[in-house]
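In terms of full-length UniProt numbering, the sequence shown opens at residue 1 and continues consecutively.
Beta carbons: idealized from backbone N, C-alpha and C, even for Gly.
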Amino acid sequence: MMSRVGTHLDESLSSRVYSVIAKLPFVARGQGDGLRPIRDLDQIRSFLSGGGPTALFDLPWIPVYLGLCFLFHPLIGIAALAGGAILLVITLLAEYLSRAPSAAAAELAASRNGLLEATRRNAEAVHAMGMAERLNARWSEVNAGYLEHQRRAYDVAGGLSTLSRALRLLIQSVILGLGAYLVIKGQASAGVIIASSILVSRALAPVELAVANWRGFVGARQSWKSLREMLARIPAAGTPLELPRPEESLSVAGVATAPPASPRIVVRDVSFDLKAGDALGIIGPSGAGKSSLARTLVGVWPLLRGRVSLDGAALEHWSSQSLGAHIGYLPQNVELFDGTVAENISRFDPEAGSDAILKAAKAAGVHELILSLPAGYDTIIGEAGEALSAGQRQRVALARALYGDPFLVVLDEPNANLDEVGDEALTSAIASVRERGGIAVVVAHRPSALAAANLILVLVEGRIERFGPKEKMLHGLVRQPASAA
1 MMSRVGTHLD ESLSSRVYSV IAKLPFVARG QGDGLRPIRD LDQIRSFLSG GGPTALFDLP
61 WIPVYLGLCF LFHPLIGIAA LAGGAILLVI TLLAEYLSRA PSAAAAELAA SRNGLLEATR
121 RNAEAVHAMG MAERLNARWS EVNAGYLEHQ RRAYDVAGGL STLSRALRLL IQSVILGLGA
181 YLVIKGQASA GVIIASSILV SRALAPVELA VANWRGFVGA RQSWKSLREM LARIPAAGTP
241 LELPRPEESL SVAGVATAPP ASPRIVVRDV SFDLKAGDAL GIIGPSGAGK SSLARTLVGV
301 WPLLRGRVSL DGAALEHWSS QSLGAHIGYL PQNVELFDGT VAENISRFDP EAGSDAILKA
361 AKAAGVHELI LSLPAGYDTI IGEAGEALSA GQRQRVALAR ALYGDPFLVV LDEPNANLDE
421 VGDEALTSAI ASVRERGGIA VVVAHRPSAL AAANLILVLV EGRIERFGPK EKMLHGLVRQ
481 PASAA
């Protein structure tokens, strides 16, 4: 029955936990093991499916068994009560002694798993620059601490479990001896010896079982506390009123933003308006806040102040799913998912039609490239798109950004890995967004990405230095160094 309870709990919370994990990078950075919420849920389910909860269900029967022992004879009742008190003290001692090492082990496990995930994610750089041994040494240090605290927790649980088992056997022997003494004295019948021994065994067994499973109970409790805090920290999103498809404008008013869980403001007092058919190129020195502004425009980073709106409706007034249908986003670090090329382009939409996928691929100029793959659109690209080159991943991700003809398309360094053919396809894609009445925002270092833009925004230290028509802005930027010379 308890296994069904554990399974039901998992089914009830797993979807919510997935949402928390998906939103966690936007709430806090550097959280170590990003999969800790699902590991916590697994820990809780495993405990509920094990033998630990059974002991808790049997605990209410202890007073009944002890009461019957008192009915047999007060001395037997007192001896059983004393034995139960001793085992209760051992249980409380197990709680006290195992709490700290279990909590420390959980934290170190999160750090250990986070380091492993970072190493796996950056395996090429680790191998190429000879960092493997140093990172291995660092991981081994964290792992040693984890194993040490785990050992302490196991030693406490195992030692007290052995002690409680020995004490229960001793208490039963004492009860048998006491019963024999009372029979000899004529104060009890012979049946009392066996009956009292059985009752004391039944009374103390749940306590012994609780001590034996105490480590699992402590782990499940810590996991529940951690999971509850995370669920409270990232509450479930409501269901906003479905808004009409944006068709007219993007407005940015007094926007300031900072990385999640960071007090450092990287974009300050940015304001501009774009109308349907505009393409804005954002340029500026490294560290100026260009990518941060791009993340803010698509709702990835939260606003500290100000407002970003589509057709007058602030981004926070949209549900994530409905807003996503109107936004195309190509991040600076392209990530694809394990699946087919078609699935990645369609954003894993189960109702995606072939026409929409082909349209997005052709708009991104990647149709011919996809047809050259072993299975065309059905090619499995592997985890993180490992079956594709960097340029191919970027062009497939561009097709994903264009899928469904979103009103707002934000491209962050879209030509970082593109050749001349890819640059031409990018320019054509931006032009097609403008022609169909959409808005394109392009963050770029290379001028080729700005060929189809009609507006330029120069960002310096998180603030707008210049904003206006492309020809005027670029002419001013060319003259400025000349004047300074």
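Where does residue i sit, in a helix, a strand or coil, going by DSSP?
i, result
"Ile345", "helix"
"Ala132", "helix"
"Lys275", "strand"
"Leu336", "coil"
"Ala313", "strand"
"Arg168", "helix"
"Leu243", "coil"
"Ser483", "Because Ser483 sits at a pLDDT of 40, beneath the cut-off of 50, its placement in the model cannot be relied upon, and the following sentence gives the value as read from the coordinates. Correct three-state label for Ser483: helix."
"Leu9", "helix"
"Gly84", "helix"
"Val64", "helix"
"Ile76", "helix"
"Asp405", "coil"
"Val270", "strand"
In chain order, what residues of the same chain have a beta carbon less than 8 Å from the beta carbon of residue i, not counting five sequence neighbours either side?
i, result
"Leu88", "Val207"
"Ala103", "Gln222"
Excluding five sequence neighbours on each side, which residues of the same chain lie with their C-beta closer than 6 Å to the C-beta of residue i?
i, result
"Arg36", "Ala110"
"Asp273", "Ser251"
"Gly328", "Ala401, Leu402, Pro406 and Val409"
"Asp58", "Pro206"
"Ile265", "Ala256 and Ala258"
"Ala314", "Arg307"
"Arg446", "Asn415"
"Leu68", "Leu199"
Rounded to whole angstroms, what's the CA-CA distance from residue i to residue j? Just pull it up for me.
i, j, result
"residue 497", "Leu303", "Outside the displayed span of the chain (1 to 485) sits residue 497, for which this structure offers no information."
"Val441", "Asn136", "42 Å"
"Val156", "Gly145", "17 Å"
"Leu167", "Gly83", "8 Å"
"Ser46", "Gly6", "7 Å"
"Ser226", "Asp40", "7 Å"
"residue 528", "Leu408", "Because residue 528 is not part of the residues shown, which for the chain are 1 to 485, the question remains open."
"Glu351", "Glu107", "42 Å"
"Lys275", "Glu343", "31 Å"
"Asp412", "Gly277", "19 Å"
"Ser49", "Ala203", "23 Å"
"Leu457", "Arg466", "6 Å"
"His149", "Ser98", "9 Å"
"Ser249", "Gly281", "16 Å"
"Ser12", "Gly219", "20 Å"
"Val267", "Arg305", "10 Å"
"His73", "Ser14", "53 Å"
"Tyr96", "Ile38", "27 Å"
"Gly299", "Pro285", "23 Å"
"residue 490", "Val341", "Residue 490 is absent from the model: the chain starts at 1 and stops at 485."
"Phe217", "Ile198", "27 Å"
"Leu147", "Pro101", "10 Å"
"Val270", "Asp349", "34 Å"
"Lys185", "Leu56", "38 Å"
"Ser483", "Gly462", "Residue placement at Ser483 is flagged as unreliable, the pLDDT there being 40, under the threshold of 50; the coordinate-derived value follows with that caveat. Going from the Cα of Ser483 to the Cα of Gly462 covers about 25 Å."
"Gly177", "Ala105", "44 Å"
Hey, quick one: how far does the beta strand (DSSP E) through residue i stretch, first residue to last?
i, result
"Leu310", "Leu303 to Leu310"
"Phe467", "Arg463 to Pro469"
"Thr340", "From DSSP, Thr340 is part of no beta strand (DSSP E); its letter is neither H nor E."
"Thr257", "Ser249 to Thr257"
"Asp412", "Leu408 to Asp412"
"Leu459", "Leu455 to Val460"
"Leu330", "Ile327 to Leu330"
Should residue i be flagged as near chain D, meaning a C-beta pair shorter than 9 Å?
i, result
"His149", "Chain labels in this structure do not include chain D; a single protein chain is all it has."
Taking residue i and residue j to be in contact with their CB atoms under 8 Å, please state how far apart those CB atoms are, rounded to whole angstroms.
i, j, result
"residue 491", "Pro469", "Outside the shown range of the chain (1 to 485) lies residue 491, about which nothing can therefore be said."
"Ile380", "Ala390", "18 Å between Cβ atoms; not a contact."
"Leu369", "Arg395", "6 Å"
"Gly404", "Ala356", "6 Å"
"Leu75", "Leu169", "Leu75 to Leu169, Cβ: 20 Å. No contact."
"Gln321", "Ser291", "Wrong, their Cβ atoms sit about 24 Å apart, outside the cutoff."
"Ile90", "Leu160", "5 Å"
"Leu426", "Asn415", "6 Å"
"Val433", "Ala294", "Actually they are not in contact, since the Cβ atoms of Val433 and Ala294 sit about 15 Å apart, beyond 8 Å."
Could you name the residues of the same chain whose beta carbon sits closer than 7 Å to that of residue i, not counting the 5 residues immediately before and after it, in chain order?
i, result
"Asn143", "Arg112"
"Leu81", "Leu66"
"Ile345", "Ile357, Ala360, Ala361, Val396, Ala399, Arg400 and Tyr403"
Locate the alpha helix (DSSP H) running through residue i, then write down its first and last residues.
i, result
"Ala440", "Counting along the chain, Ala440 falls outside any alpha helix (DSSP H), though it belongs to the beta strand (DSSP E) covering Ile439 to Val443."
"Gly422", "Glu420 to Glu435"
"Gly219", "Trp214 to Arg233"
"Gly391", "Ala390 to Leu402"
"Ala360", "Ser354 to Ala363"
Is residue i near the ligand PLP, going by C-beta to nearest heavy atom under 8 Å?
i, result
"His326", "What this structure holds is no ligand at all, so the ligand PLP is not there to describe."
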